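Report on the structure given below.
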Amino acid sequence: MRYANVVAVVLCLAMSDVVKINVGGGTSQIQFTSTNYTSTIPEHSPPSTSVVKVAVTSVQPGLEFSFASGNTNQAFSINLQGLVTVSNTEAIDYEESQHISLIVAATVGNESAYTTVWVSLQDINDNPPLFSQNKYVTELYERVPINTYVMQVSASDADSIGPNSDIVYRIIGGNEKGVFTIDPPKSGMIKTNLIVDYEVQDSYRLVIEARDDGKTLSLSSTCVVEINIIDINDNPPLLSQNKYVKKLYEEVPINTYVLQVSASDADSIGPNSDIVYRIIGGNETGVFTIEPPKSGMIKTIAIVDYEVQDS
1 MRYANVVAVV
11 LCLAMSDVVK
21 INVGGGTSQI
31 QFTSTNYTST
41 IPEHSPPSTS
51 VVKVAVTSVQ
61 PGLEFSFASG
71 NTNQAFSINL
81 QGLVTVSNTE
91 AIDYEESQHI
101 SLIVAATVGN
111 ESAYTTVWVS
121 LQDINDNPPL
131 FSQNKYVTEL
141 YERVPINTYV
151 MQVSASDADS
161 IGPNSDIVYR
171 IIGGNEKGVF
181 TIDPPKSGMI
191 KTNLIVDYEV
201 QDSYRLVIEA
211 RDDGKTLSLS
221 STCVVEINII
231 DINDNPPLLS
241 QNKYVKKLYE
251 EVPINTYVLQ
261 VSASDADSIG
271 PNSDIVYRII
281 GGNETGVFTI
291 EPPKSGMIKT
301 IAIVDYEVQD
311 S
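End of the sequence shown = 311 in the numbering used here, gap-free, step of one.
Right, here's the structure in full:
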């Protein structure tokens with residue numbers, strides 16, 4: 001190939017991106033005022049946000065500006081005056097790329113010049129914390145010591161490392177009596193703050209908030225934690241009286257009803273509150289029995305003789 005009359009070779013890189021490489025025929029009369037331009041904008045800036053204005057040293061008729069490369073997903077546009085603006089908000093994402101390099105071409109006829117535009121993106125708090133689960137379920141025995149570990153919730157934030165992704169957890173519902181706490185606040189670890197009593201409340205439904213530490217805007221989300229309390233046998237049966245007194249004639253028939261004792265148990269309905277009665281003292285001769293054992297009814301199982309024993 002001979003270069004004497006060749007001004008430029010044109011390479012088509014994309015539908016809207018054209019690069020012209022000068023290989024001969026003299027020096028281009030087009031020159032930018034700077035070999036590179038810099039700008040900083042927040043990520044996800046709205047369309048038409050001004051980024052930077054490029055310029056040439058001498059404006060000539062038919063001057064046009066275009067992007068030769070770097071304008072991925074048509075994130076930016078440039079007008080005839082060289083003003084670069086935001087075109088596609090979603091394409092300007094700090095989490096995808098913190099810096100964008102644009103090659104801008106200035107073209108008049110068959111001549112072109114090039115400059116670089118460096119766009120730095122500022123992170124904004126555009127992602128809320130998200131819990132790993134919408135609902136957590138666990139069990140907890142009643143009467144466990146204060147500061148007992150219950151469970152841990154966890155959330156993540158897609159924002160870059162820093163305040164926008166620092167997460168603090170707190171209980172915002174279902175904890176009116178302050179039974180539970182999250183300590184430390186950034187850990188997501190739920191612990192007991194008071195003694196849990198099954199007989200007072202047998203389950204809890206907590207609403208947990210995860211909130212980031214964004215300075216200008218703080219974002220949050222919530223999850224639900226269900227805690228089912230397991231009953232333990234923590235209440236002894238209590239007799240309705242400490243002492244019962246009853247008179248009984250001697251020589252009454254065997255299986256004669258004497259009296260009934262009664263006790264109650266504050267534990268919930270089930271084995272922990274089922275009561276069985278038995279005589280453990282004063283019945284060495286086997287005169288009395290409790291039948292049925294759960295009834296508390298004392299009856300004779302032998303003939304009572306006043307002359308043998310009067311009380």
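Glycine residues also receive a C-beta, built at the ideal position from the N, C-alpha and C atoms. These figures come from a predicted structure and were not determined experimentally.
- Task: Give me the Cα-Cα distance between SER268 and TYR198, rounded to the nearest whole angstrom.
- Result: 8 Å
- Query: For the segment 120–139 against the segment 157–166, are there 3 or more C-beta pairs whose distance is under 8 Å?
  - Reply: yes
- Grab me the residues of SER132's own chain with a C-beta within less than 6 Å of its C-beta, minus the 5 sequence neighbours each way, in chain order. SER154
- Query: Under a three-way DSSP split, which group does GLN74 fall into?
  - Reply: helix
- Note down the Cα distance separating VAL86 from SER34, rounded to an integer number of angstroms. 21 Å
- Are the beta-carbon atoms of VAL84 and VAL117 separated by less than 8 Å? yes
- Task: For VAL308, count neighbouring C-beta atoms within 10 Å of its own C-beta (all shown protein chains included) and say buried if the count is 16 or more, exposed if not.
- Result: exposed
- If we ignore side chains and look at the alpha-carbon of each, how far apart do VAL225 and LEU239 end up? 39 Å
- Task: Report the three-state DSSP secondary structure of PRO42 (helix, strand or coil).
- Result: strand
- Task: Pull up the distance between the alpha-carbon of ILE280 and that of SER273, whole angstroms please.
- Result: 20 Å
- VAL225: first and last residue of the uninterrupted beta strand (DSSP E) it sits in: 220–230
- Task: Quick one: using the 10 Å Cβ neighbour count with 16 as the cut-off for buried, is ASP305 buried or exposed?
- Result: exposed
- Message: For VAL196 and VAL168, which I take to be in contact (beta-carbon distance under 8 Å), what is that distance rounded to the nearest angstrom?
- Response: Not quite, the Cβ-Cβ distance comes to about 25 Å (not below 8 Å), so this is no contact.
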